[in-house]
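Counting along the sequence shown from 1, when you hit position 130 you're at 162 in the numbering used here, and nothing is skipped either side.
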Amino acid sequence: MYSIHKNLLPPTETCLTPYHAQTLTSLRFELKSPIFHIGDRYATTALRSLWLDDWLGGKVLSCGYEFGQEMGVVVENVWWVEGGALWWCRVVRRRSPTLYCVSPSSHITTLNTSLPHAKCIRVQNGVFTEILTSIPNEKDITYLPGYIIPGIIESHGHILQYGEMLESVSLYDAKSMEEVRVRIREFLSRHEGEGYGTRDKWVRGIGWDQKYFGGVMPTAEELAIDPELSDLYIMLDRVDVHCVLTSQKVLDLLPDPLPEAPPGGVIITDPGPGVFCDNAMDSIIFPLAPKPDVAQKTRWFKSAMVELNKVGIIGVGDAGMRPDDVRILEGMAEKGEMSVRVNVMLECAERNTFCPEETGSLKLLAAPDGLGEHMLMLGGVKLFADGALGSWGAALLEPYSDKDETSGTMLINETELTSVVKKWFDAGFQVNVHAIGDRANRAAVDAFENVLGKDCTGCNEARRLRIEHAQIIHPEDQKRIAKMGIIPSIQPTHATSDMSYALSRLGANRLSHSAYRMHSLFPLSTPNSKTGSYPGPVLGSDFPVEPPNPFHGMYAAVTRLNPATGSSPDGEKGWYMEEALSVEQALVGFTRNAAYGWFREGEMGSIAVGRWADWVVVDRDLLAEGDGSGRGLRDVVVWETWVGGRRVWGVGDEAVGDGEEEGGDGKDEL
Ligand SMILES: [Zn+2]
């Protein structure tokens, strides 16, 4: 993260050396200034008086001092022990402003309509303080390579799961169970001696898809064919993370015969046992799995953030996090250990419930500005209306075209959804509902209309209720969403991953008027006072379900082609091009609109005076890319990523972790 010069001012025995006395004097002066904060990590309501009156009074037993720089500010950490307690104080001082410019032949795309192009940005204390259209005649200029765009905000991802994936066997696109076994063996040989496969440390993997196995679900027996694997505890997530394949050792932990599947869950027994889906996975298998500890989760958070920074992501809407995991992030935010701003959608231990007793103790709830210099923020709650299209779990109004005995599954019925949405809404929370199928989307719209009011036109501006995925929406409900200004949270690469089977699942009619809307979700005219400020959908990837690269998402949105193959079921011309976005719309979906989806349009999403200094340096002018065809978007190279005026990643920085970035197709959503 930032460098701390531990030797600059080593802790002394008494803390009363002349140097410290001098520092204290200056800090006393700073106390009167509005540009610093004192934070108390352990306890100190009386910190100020302690600081001013008691410090020099000789009560200090031992102490320490650190000096560092982060996010455009100078940081001084001082701690001392007194009365058996550790007291800690953090002083943050404004650093002098820095001027960054691009070369004369390049420019900065601000996405700020009053000043769309610039040459330089001045940054101080983590925010933009000046935007310049020409390079000034100043001595101290830091030149940045390439072109600058606002920092990318990923509206829907899962950081912890992504970090975990980076430490798992990657099974994406494994073409057979033999390939699955080979990849597990390779993983084990890379991690020899680390204890993988024991009762306390299962082998984890993600990405298998039975479509590569002739449509037949895999079994525990197929894993055991390999004697090297037969005695190991193994749990492998299906590509959509709605099912797991377990090894015989895991099955041996279960009663014989296997328990009945709970409602909303499936235990696959044909052609043999091993796979558990949805609620069966949650209630039967997960309780048996070893629980990662805080240190392990912290490592996952950190390695995920590094990988996200590499592709230009400065902020993530985490689409469902349990309070215990949020607490880990709270600690990281306070210690300055986050390099991605995270806007957390809370999830109760029991899905789709109202759980103020679980969330109430979070520091985040009492911090409307977020924690750790706005690195951790609250994004409301996450509810789940239905499952995934790939496994026929998305709840449809009419039966599936390729399985007419089913129309999918609601994870919560309409009445209960309306009730739980109202409880969170009334408690003041932003509500984000996962909805894939048109029945689930209707249920979400009904629940939102119930709280917003039948006469709501644009009134969702005040509450920013969101539908996560919003994949298949009946035309009537599309109109209602537009009228109220409900925010669709769209993942363009889901569309291009699903397009290979969407026609067979949905049929041509439903596909053409209801599915994978993007362009028509943008407002027809500039938002105004009558329609509210709704600016259009917010975009993301749902990583680790899809790779997090936002430029692949933009490519998918603009070309409606699969970024991995450059093709679609309609060949190279793109799939249902009437719903394609312009390059600018795609970029706005990943920046300005995403900020709106967080109530942060005044603070992020564009480059303007007063906004947080988050930006990305890329190798090309995105808006001019391929004359607007967007075909080159998938090749965009990120050179640098800056968060709050701090460079968090640059080409040439040491790579962290050995994670792979992969993704297959046919995936749905978390
Ligand atoms: Zn998700």
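By construction, the Cβ of each residue, glycine as well, lies at the ideal position given by its N, Cα and C atoms.
If I follow the unbroken beta strand (DSSP E) through residue i, where does it start and stop?
i, result
"Thr174", "Thr174 to Leu176"
"Pro507", "Careful: Pro507 lies outside any beta strand (DSSP E), inside the alpha helix (DSSP H) at Pro507 to Met516."
"Pro520", "Ile519 to Ile522"
"Tyr179", "Tyr179 to Pro182"
"Leu164", "Val159 to Leu164"
"Leu131", "Thr130 to Val134"
"Asn464", "Val463 to Ala467"
"Trp671", "Val670 to Val675"
"His551", "Looking at the DSSP string, His551 is not in any beta strand (DSSP E), and its letter there is neither H nor E."
"His501", "Arg498 to His501"
"Met353", "Ile345 to Met353"
"Cys152", "Cys152 to Gln156"
"Phe238", "The sequence as given places Ile at residue 238; Phe does not occur at that position. Residues Val235 to Trp240."
"Val248", "Here Val248 belongs to no beta strand (DSSP E), and DSSP marks it neither H nor E."
"Gly682", "Arg678 to Gly682"
With a threshold of 8 Å on Cβ separation, who are the neighbours of residue i within its own chain once the five nearest residues in sequence on each side are excluded?
i, result
"Leu655", "Thr141, Val615, Glu616 and Leu619"
"Ile360", "Val326, Lys329, Thr330 and Phe333"
"Ser128", "Gln156"
"Pro507", "His545 and Ser546"
"Gly660", "Ser614 and Val615"
"Ala252", "Leu277, Thr278, Ser279, Gln280, Val282, Leu283, Gly304, Pro305 and Gly306"
"Met481", "Going by the sequence as given, residue 481 is Glu instead of Met. Excluding positions up to five away in sequence, the list reads Cys488, Arg512 and Met516."
"Glu260", "Arg217 and Leu220"
"Glu731", "The question about residue 731 has no answer, for the chain in this structure spans 33 to 702."
Can you name, in chain order, every residue of its own chain whose Cβ lies under 7 Å from the Cβ of residue i, other than the five neighbours on each side?
i, result
"Val669", "Val650 and Asp651"
"Gln242", "Val248, Met249 and Pro250"
"Lys151", "Cys133, Val134, His139, Ile140, Leu164, Thr165, Ser166 and Ile167"
"Ile345", "Ile184, Glu186, Val372, Pro580 and Pro582"
"Met531", "Ser600, Pro601 and Trp607"
"Lys233", "Gly227 and Pro322"
"Arg537", "Leu421, Tyr432, Ser433 and Asp434"
"Arg231", "Tyr265"
"Thr441", "Gly296, Asp418, Gly419, Gly425 and Ala427"
"Arg496", "Gln462, Ile519, Gly629 and Phe631"
"Val688", "In this predicted model, Val688 has a pLDDT of only 40, less than 50, meaning its place in the structure is not dependable; the value taken from the coordinates is given anyway. If we look at Val688 and ignore the five residues flanking it on each side, its Cβ neighbours are Ser335 and Val338."
"Arg679", "Glu672"
Between which two residues does the alpha helix (DSSP H) harbouring residue i extend?
i, result
"Glu448", "Glu446 to Asp458"
"Arg217", "Met209 to Arg222"
"Lys342", "Val326 to Lys342"
"Ala252", "Ala252 to Ala256"
"Leu484", "Asp470 to Leu484"
"Gly412", "Premise fails: Gly412 lies in the beta strand (DSSP E), Leu408 to Phe416, not in any alpha helix (DSSP H)."
"Ala426", "Ala426 -> no alpha helix (DSSP H), and no H or E assigned at all."
"Gly195", "Ile191 to Met197"
What does a CB cutoff of less than 6 Å around residue i pick up in its chain, not counting 5 residues either side in sequence?
i, result
"Val483", "Lys454 and Phe457"
"Thr77", "Because the pLDDT of Thr77 is 25, which lies under 50, any placement of that residue in the model is unreliable, and the question is left without a value."
"Pro595", "His584, Tyr587, Ala588 and Arg666"
"Ile300", "Met249 and Val307"
"Tyr244", "Lys207"
"Asn375", "Gly349, Met409, Gly411 and Trp630"
"Ser439", "Leu428 and Pro431"
"Cys491", "Leu484"
"Val683", "Trp671"
What are the start and end residues of each continuous alpha helix (DSSP H) run of 4 or more residues lying completely inside the region 591-653, in chain order?
615-621 and 624-628
Assess contact between the region 327-345 and the region 165-176, defined as three or more Cβ pairs (one per stretch) separated by less than 8 Å. Is contact present?
no
Assess, as a yes-or-no matter, whether the region 218-238 is touched by the region 382-396 under the definition of 3 or more beta carbon pairs within less than 8 Å.
no
Validate contact between the region 516-526 and the region 540-553 using beta carbons, cut 8 Å, 3 pairs
yes
At least three beta-carbon pairs within less than 8 Å, the region 621-641 to the region 603-612:
no
Any contact of the region 168-185 with the region 131-138, i.e. 3+ C-beta pairs under 8 Å?
yes
What ranges does the beta strand (DSSP E) occupy inside the region 265-335, keeping only unbroken runs of at least 3 residues that lie completely in it?
266-270, 275-278, 297-299 and 307-309
My parser needs the alpha helix (DSSP H) runs of 4 or more residues fully inside the region 358-401; what are they?
388-391
Evaluate contact between the region 385-402 and the region 431-440, counting only Cβ atoms and requiring at least three cross-stretch pairs below 8 Å.
no
Ignoring anything shorter than 4 residues or poking outside the region 562-591, list the alpha helix (DSSP H) runs there in chain order.
582-591
I'd like to know if the region 336-344 and the region 316-323 are in contact, where contact means that at least 3 CB-CB pairs between them fall below 8 Å.
no
Per the contact definition of three or more C-beta pairs closer than 8 Å, is the region 347-354 in contact with the region 294-307?
no
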